[in-house]
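Q:
Numbering (the numbering used here), first residue to last: 181 to 448.
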């Protein structure tokens, strides 16, 4: 049976206090509250800086034993070094060390590639990372240059049991290719939204398109991870619940009530 894990990109947002978190929730208490509602989260802060081990130890301590982290790899590897391990050896080592306290809670590591990185430049470097298992965790790759959309890319990823990310934003919508027994969906949206306390557009039409692609492949997929960014529809938790509805699952409830922070879909 396919496991469906649905959550958001990040968890520390002041605008969520009231609509999602109880009033007065401090930033240091947000992850524990979040983990009472959703069973997975995409860690974006690790893209900007490798988290200290004290922090990841705390993440492990305050989340349930079966909680799932998708952790974005540092930009020093993906964007600065452009996947060149020789240039990023130290940061990769630090990143792997930082993840150790989380153990099996690290469900996947996300390599988000820069839009300027072509397949000709990046594919040999990516293959080296995968062959050497430089990051000893399941890997998902979000390629954002169209040259990666090629059977040779999918074949290489499949050979290393690496997941091709299905991503939707204002500039890019990746093909719904399957390269591993896992699926990883990112609903990102645009950068126009500036407040994140309620749904500001209907997320379901876009979700339904991806769900239709998923349904055709579920027999070959063991785990589906889905993450909604605030920019996708204005309120990450509300968009995550919209995905659950489309998938025929019960939406999650939180302290403000299940509709807290969510406009009724009929309003759009």
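Glycine included, each C-beta is placed from N, C-alpha and C at the ideal position.
Keep in mind that this is a model prediction, so the values were computed, not measured.
Are the CB atoms of residue 314 and residue 293 nearer to each other than 7 Å?
A: no
Q: Tell me whether the region 385 to 394 and the region 346 to 358 touch, counting them as touching only if at least three CB pairs, one residue from each stretch, are closer than 8 Å.
A: Contact check between the region 385 to 394 and the region 346 to 358: three or more CB pairs, one atom from each, fall below 8 Å, which counts as touching.
Q: Could you say which of 318, 269, 303 lies nearest to residue 257 if we only look at CA atoms?
A: 269
Q: For a test of the three-state rule: what should DSSP assign to residue 217, helix, strand or coil?
A: coil
Q: Quick check: residue 419 and residue 408, are their CB atoms within less than 7 Å of each other?
A: Cβ atoms of residue 419 and residue 408: closer than 7 Å.
Q: Take every Cβ of the region 275 to 287, pair it with every Cβ of the region 227 to 234, and state whether three or more of those distances are shorter than 8 Å.
A: yes
Q: What would DSSP say about residue 439, mapped onto helix, strand or coil?
A: With a pLDDT of 46 at residue 439, under the threshold of 50, the modelled position of that residue is not reliable, and the figure given next carries that caveat. Residue 439: coil per DSSP, three-state reduction.
Q: Any idea what DSSP makes of residue 230, helix, strand or coil?
A: coil
Q: I'd like the ranges of any beta strand (DSSP E) spanning at least 3 consecutive residues and lying wholly in the region 263 to 319.
A: 286 to 292
Q: Is the beta carbon of residue 469 sitting closer than 7 Å to the one on residue 223?
A: Because the chain in this structure spans residues 181 to 448, residue 469 falls outside the shown range and cannot be described.
Q: What is the DSSP secondary structure of residue 446, counted as helix, strand or coil?
A: For residue 446, the predicted model reports a pLDDT of 47, less than 50, meaning its position is unreliable; a value from the coordinates is still stated below. Helix, per DSSP.
Q: Taking residue 317 as the reference, give the member of 253, 325, 372 with the closest Cα.
A: Nearest option by C-alpha distance: 253.
Q: Residue 377: which of 345, 197, 205 sits nearest, CA to CA?
A: 197
Q: Check residue 379 in the structure and name its three-state DSSP category.
A: Looking at residue 379 - three-state DSSP - the assignment turns out to be coil, as it is neither helix nor strand.
Q: Residue 189 to residue 410, Cα distance in whole Å?
A: 8 Å
Q: For residue 332, which three-state DSSP category applies?
A: helix
Q: In the DSSP assignment, the beta strand (DSSP E) including residue 422 goes from what residue to what residue?
A: Going by DSSP, residue 422 is part of no beta strand (DSSP E) but of the alpha helix (DSSP H) stretching over 416 to 426.
Q: Can you confirm whether residue 196, when its beta carbon is compared against all beta carbons of chain B, has any partner nearer than 7 Å?
A: Absent here is chain B; the protein component of the structure consists of one chain.
Q: By a C-beta neighbour count over all protein chains shown, 10 Å radius and 16 as the cutoff for buried, is residue 185 buried or exposed?
A: buried
Q: In three-state DSSP terms, what is residue 402?
A: coil
Q: By alpha-carbon positions, which one of 326, 210, 390, 340 ends up nearest to residue 404?
A: 390
Q: Using only the alpha-carbon positions, how far apart do residue 412 and residue 290 sit?
A: Linking residue 412 to residue 290 through their CA atoms gives a straight-line distance of about 19 Å.
Q: Among 192, 435, 333, whose alpha-carbon lies nearest the alpha-carbon of residue 207?
A: 192
Q: Report the CB separation of residue 217 from residue 432 in whole angstroms; it is logged as a contact under 8 Å.
A: Taking 8 Å as the upper bound for CB-CB distance, residue 217 and residue 432 are in contact here, some 5 Å apart.
Q: How about residue 415 and residue 387: do their beta carbons lie closer than 7 Å?
A: no
Q: What is the rounded straight-line gap between the Cα of residue 383 and the Cα of residue 220?
A: The straight-line gap from Cα to Cα measures roughly 20 Å.
Q: Apart from the five residues just before and just after residue 328, which ones in its own chain have a Cβ nearer than 6 Å to its Cβ?
A: 299
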